[in-house]
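Asker:
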Amino acid sequence: MAGFVRSAWYVAAWEHELPPGGMFARTILGEPLVLWRTSRGDVVALEDRCCHRHAPLSRGAREGDDVRCGYHGLRFDPTGRCVEIPGTRAIPRSACVRRYPAVVHRRWVMVWMGDGERADPARLPDNYSCDHPEWRYRPGYLHYETPWHLIADNLLDFSHLSYVHARTLGGTERIAAIRPKVERLPDGVRVSREVPNVPPPNYYRPLWPYEGAIDRWLTYDFTLPATLLMRSGARPAGSCQDGGGDGVEFHSCQALTPETAESTHYFFMEAHRADRGDAATTEGLYEGLLAAFREDREMIVAQARNRRLKPGEPMLALPMDEALVRFRRLVEQRLAAEVGAPGASVDEPSSDQPSPEQPCP
Amino acid sequence: MAGFVRSAWYVAAWEHELPPGGMFARTILGEPLVLWRTSRGDVVALEDRCCHRHAPLSRGAREGDDVRCGYHGLRFDPTGRCVEIPGTRAIPRSACVRRYPAVVHRRWVMVWMGDGERADPARLPDNYSCDHPEWRYRPGYLHYETPWHLIADNLLDFSHLSYVHARTLGGTERIAAIRPKVERLPDGVRVSREVPNVPPPNYYRPLWPYEGAIDRWLTYDFTLPATLLMRSGARPAGSCQDGGGDGVEFHSCQALTPETAESTHYFFMEAHRADRGDAATTEGLYEGLLAAFREDREMIVAQARNRRLKPGEPMLALPMDEALVRFRRLVEQRLAAEVGAPGASVDEPSSDQPSPEQPCP
Amino acid sequence: MAGFVRSAWYVAAWEHELPPGGMFARTILGEPLVLWRTSRGDVVALEDRCCHRHAPLSRGAREGDDVRCGYHGLRFDPTGRCVEIPGTRAIPRSACVRRYPAVVHRRWVMVWMGDGERADPARLPDNYSCDHPEWRYRPGYLHYETPWHLIADNLLDFSHLSYVHARTLGGTERIAAIRPKVERLPDGVRVSREVPNVPPPNYYRPLWPYEGAIDRWLTYDFTLPATLLMRSGARPAGSCQDGGGDGVEFHSCQALTPETAESTHYFFMEAHRADRGDAATTEGLYEGLLAAFREDREMIVAQARNRRLKPGEPMLALPMDEALVRFRRLVEQRLAAEVGAPGASVDEPSSDQPSPEQPCP
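Chains as they are written, first to last, in the numbering used here: chain A, 313 to 673; chain B, 313 to 673; chain C, 313 to 673.
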């Protein structure tokens, strides 16, 4: 792993994770961050490491909009500047901690991990359903003890729905049998799939107890640093596309934020139309989603163990990997651009070409 | 640790560990393996890592004699060749996983970890009592979080019976006091010991409740990669050797299989004559053996901790180490031959010579 | 971490930790030690690693004043010389384990970790209150999974009492507000602080339930390798110093002994005058002290995590760090002298100067 893309907005937390009046600590890209809200409602994100003896500021206490370190009492304002040192009159000009640009953006607390001058609100993701009266969901979080890019790989190839999620999200081998359309986006890829005439997955039941054959469809953008925004749904098999009537529709927002090179935060939700179902429906969908995402995690953890047993072993690129290979190449280009060096690599060299043909022994 | 001897049969499992219709996963020499039986009863051992995204095949599902990966659905036949890729017509010729020669040999599932062309059934161990109507036993397994060679050292010097197993297998300091005969074998060493006129160890009781003094004897071959085959027994002190009559006799088969450089699988059993005792006797012997082998493990784990605190610290070779020093040298020769280099070393340089005499400070 | 100061007495154990007739094992400076008392009452400290196969001698058995290894039965006398090898007549002259000079010194079991020829009883610490009829205490021990020098830093800057121990030992921000006097000692530093007119800390209550304002004072020597000896106390605010009358007085003895580069033994006690209070008072003080020292440990563990996330990141030296910077420089000088090289470093370069002034971005 040659590093992380830094010039990007990362999800640091769900808005509800920030405790009123308190602080919240989370490690992102290997850096400890402390987050809180000022009295005006602004979100503050500082390096969670006092410049003095490196204690986490999050173990200290809020004082108004400031924070006081719980080790030796240095006080920092929301810009990261030290404004008080007990027993000391002159505050060194170098007494400060790093400040990260931060905003609450539709219930996602977003932090910019690169050069603060370049923090561009225009690059915030369009996770509209996270805060929209027409959509309803329960927010989800899972912690992974694996590198982030193995999880991105998973999200970039939905053929795994047929196998990892045979009894949850998938329900049919037809998903894997159908090749999706993959389009290039400026900051990622767009993946679209139509799966006609299949049984409904178990996971639809709480919202749409239809038992006949259905036509499924989904289309998602997977963009830097690692955000998935997806529309998906189904209608009775053979019925008109966009013809209204019976059916079900979802909007899902998911984001991966590396904690360290070897661990990852996974934020996820899948929203349904607010005018369908009640609180129990929303809860049932969340439970189904969580069960499925735990299936992913079990598989990816097992995969990561295999990677550790034989680091650097090349994988065999297949046609189904088109989206993930394209996305990996994009990450590599961005990493290389950020470090100013050409050789950056996420994990192993990527290739749109299938691996060189060596017949099996 | 300069590596493992690869051109050898290793015990991968007890036969009963292979679940009917299912699969069994075990890591051997740092490589993940998946094992199963075909409908014809043959044992299959494949690399437990799909060539596509490196997921363990053992997390997938059996389909007839094949296995289908549980991540993206690639299907492999028992030779390791990929025979189906969902959504893909052309299967790359390089789509395969490594196959390991494997056989069930007298209830031991054996795999050949080296070049498959050289897998030689003539080199399978003579663990006859593992599957013989005249012998009865309960199979044992222990997992060690230590390098394999520390356990081999233990098995190559039975003087430890007097101390580690004073209240279980040993029962007398006389075992350590008597030097065994050590003979060179083509692939290992033969160790023989006669211990006259000692009290019976507790561990004999379930089978032979004799309370007088006994003459004990044992002889074992310890051969590459790390297999112990031992005949042992006892008779009333002073009675004729091989003169029939009262006494007790055992045959023990034990094998070490490195899991990684730092952990080991230990397969063991000690069989008694089937015409003596009942099921409770067999169970009692097994429990006694297990208790004793846990004593070994506690000692070896403590020894391994000391080795980690001071890696490379030389040990003091003593006359009682004759068998283990010879075996270590054999391993080093074999490792050097396999890698084509002379300097291979198991852990530290071995020597038949006692260490240079430096008086204590 | 460039190593440990070796030519020094370290606390290996509280006297009561040595079991009568048995042995006690503890790892110090990365070396395993076994300790016991001879029939004459002398303390023996040997390397806890048999010279033969490196098993810990502490897993063996005492035989008179000797110890017999529990693996293959080698017997060692209290000087570390091997005096018996089962089955072997000639004992190699090199068969011995390292002996460490050891004494019980006022209930502290002290071992000299450097060249035994230089073990100088004159350098034992003056921990008189550990064994004195006029003082009473309960001995304490905590294990730290952090490097020792982070704990030494903590003990060298008591301004943390105002923040880490606001509700236990501290009770007022005034402690941090007042700069202590720091004096150089041949082997360490002396730190003195007077804190007038503050509320009494909770922790005094069991001994002195005075609720008015008090004048607090403390003075301690922190000397190599890492020993704190402190007098402290308080009297009603404004009353005469040393004028007798009402008040409270303590003597505290604390010592850090590195277990490994990444873990530490912490021995501590704080004694009160024996003519004040009863057993419950002593117990109450101990419980208060233990609660406070757990507060330190939580903070230092969190600090150590931050250090691991960004190893080598420089800290910002402030005036309050005067004592710890001086002590670190002393350790570095001693380390350099011991290894004969100038560049030894505890963790990061120390400096009495504040860090170069770089204005915050």
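C-beta: ideal position from N, C-alpha, C; glycine also.
Should H477/C be flagged as near chain A, meaning a C-beta pair shorter than 8 Å?
Answerer: No, because no Cβ of chain A sits closer than 8 Å to the Cβ of H477/C.
Asker: One question on the structure: do R418/C and A583/C come within less than 8 Å of each other, judged by their Cβ atoms?
Answerer: Not a contact, by the Cβ cut-off of 8 Å.
Asker: Run through chain C and tell me which residues come within less than 8 Å of G399/A, C-beta to C-beta.
Answerer: Within 8 Å Cβ-Cβ: S471, A488, A489, I490, R491, P631 and M632.
Asker: Please classify Q645/B: is it buried, with 16 or more other beta-carbons within 10 angstroms of its beta-carbon, or exposed?
Answerer: Q645/B comes out exposed.
Asker: What is the rounded straight-line gap between the Cα of P445/C and the Cα of D587/C?
Answerer: Rounded to the nearest angstrom, the two C-alpha atoms are 10 Å apart.
Asker: Specify, as a first and last residue, the run of the beta strand (DSSP E) that R640/B falls within.
Answerer: Note, R640/B: premise wrong, no beta strand (DSSP E); alpha helix (DSSP H) at E634 to V651.
Asker: Please compile the residues from chain A whose C-beta is within a distance smaller than 8 Å of the C-beta of N618/C.
Answerer: Within chain A, the residues near N618/C are P344, D360, R361, H366, A367 and P368.
Asker: Cutting at 6 Å between CB atoms, please list the residues of its own chain near S474/B, excluding the five before and the five after it.
Answerer: Here the set comprises G482, E485, I487 and A488.
Asker: Give me the Cα-Cα distance between E571/B and G382/B, rounded to the nearest whole angstrom.
Answerer: Cα to Cα, the separation comes out at about 24 Å.
Asker: By the criterion of Cβ-Cβ separation under 8 Å, what are the contact partners of A614/B in chain C?
Answerer: The contacting residues are A367, P368 and R371.
Asker: Give the interface partners of A407/C over in chain B, defined as CB-CB distance under 7 Å, in chain order.
Answerer: Ordered by position in chain B, the residues that pass the 7 Å Cβ test against A407/C are L628.
Asker: Beta-carbon of H384/A versus every beta-carbon of chain C: anything under 8 Å?
Answerer: Closer than 8 Å to some Cβ of chain C, the Cβ of H384/A qualifies, so yes.
Asker: Rounded to whole angstroms, what is the Cα-Cα separation between H455/C and L341/C?
Answerer: Cα to Cα, the separation comes out at about 14 Å.
Asker: Against chain C, which members of the segment 418-437 of chain A pass a CB distance test of less than 7 Å?
Answerer: Per Cβ criterion, the list is empty.
Asker: If I measure Cβ to Cβ from L602/B and keep anything under 7 Å in the same chain, skipping five residues before and after, which residues do I get?
Answerer: Around L602/B: G452.
Asker: Please list the partners that E625/B has in chain C, where partner means a Cβ-to-Cβ separation under 9 Å.
Answerer: Correct list: R361 and H366.
Asker: To the nearest angstrom, how far is the alpha carbon of L468/A from that of L541/A?
Answerer: So the alpha carbons of these two residues sit roughly 12 Å apart.
Asker: For the beta strand (DSSP E) holding W460/C, just list the boundary residues, first then last.
Answerer: Not the beta strand (DSSP E): W460/C falls in the alpha helix (DSSP H), residues W460 to L467.
Asker: Judging by CA-CA distance, which residue of V494/B, A648/B, A357/B and G652/B is the nearest neighbour of T391/B?
Answerer: Of the listed residues, the one whose Cα sits closest to T391/B is A357/B.
Asker: Quick check: the segment 593-601 of chain C against the segment 506-526 of chain C, are at least 3 beta-carbon pairs closer than 8 Å?
Answerer: With a cut-off of 8 Å, the segment 593-601 of chain C and the segment 506-526 of chain C count as touching, because enough Cβ pairs lie within range.
Asker: Using only alpha-carbon positions, find the residue among E561/B, R505/B, R620/B and V651/B that is nearest to S441/B.
Answerer: Of E561/B, R505/B, R620/B and V651/B, the residue nearest in Cα terms is E561/B.
Asker: Nearest chain B C-beta to D465/A closer than 8 Å, yes or no?
Answerer: Chain B contact via Cβ: present.
Asker: Classify N509/B as buried or exposed, calling it buried when 16 or more other Cβ atoms lie within 10 Å of its own Cβ.
Answerer: Under this definition N509/B is an exposed residue.
Asker: Which class does R588/C belong to by DSSP, given the choice of helix, strand or coil?
Answerer: Residue state, collapsed to three classes: coil.
Asker: Do you know offhand how far V651/C's Cα is from H461/C's?
Answerer: Approximately 19 Å between the Cα atoms of the pair.
Asker: Given a cut-off of 8 Å, decide if G399/B and M632/A are closer than it, judged by their beta-carbon atoms.
Answerer: The answer is yes: Cβ separation under 8 Å.
Asker: Verify the CB distance criterion: does P331/C have a CB-CB separation below 8 Å to chain B?
Answerer: So no, P331/C is outside the interface.
Asker: I want to see whether chain A comes within less than 8 Å of P404/B, judged by CB atoms only; does it?
Answerer: With 8 Å as the cut-off, P404/B counts as an interface residue toward chain A.
Asker: Terminal residues of the continuous beta strand (DSSP E) containing I674/A?
Answerer: Nothing about residue 674/A can be reported from this structure: the residues present for chain A run from 313 to 673 only.
Asker: Looking at chain B, is there any beta carbon in it that lies within less than 8 Å of the beta carbon of E485/A?
Answerer: E485/A counts as touching chain B.
Asker: Taking the alpha-carbon positions, what's the R641/C to P433/C distance?
Answerer: About 25 Å.
Asker: Using DSSP's beta-bridge definition, name the partner residues of H563/C.
Answerer: Paired residue(s): R543/C and A583/C.
Asker: Using a Cβ-Cβ cut-off of 7 Å (strictly less than) and excluding sequence neighbours within five positions of E607/A, which residues of its own chain qualify?
Answerer: Contacts found: V476, H477 and T480.
Asker: Measure from the alpha carbon of I526/B to the alpha carbon of each residue in R405/B, P512/B, S544/B and F639/B, then state which is nearest.
Answerer: It is P512/B whose Cα lies nearest to the Cα of I526/B.
Asker: Can you say whether E343/A is buried or exposed, counting buried as having 16 or more other CB atoms within 10 angstroms of its CB?
Answerer: Classification for E343/A: buried.
Asker: Would you mind stating whether I403/C and Y578/C have Cβ atoms separated by less than 8 Å?
Answerer: Not in contact: I403/C and Y578/C (Cβ atoms no closer than 8 Å).
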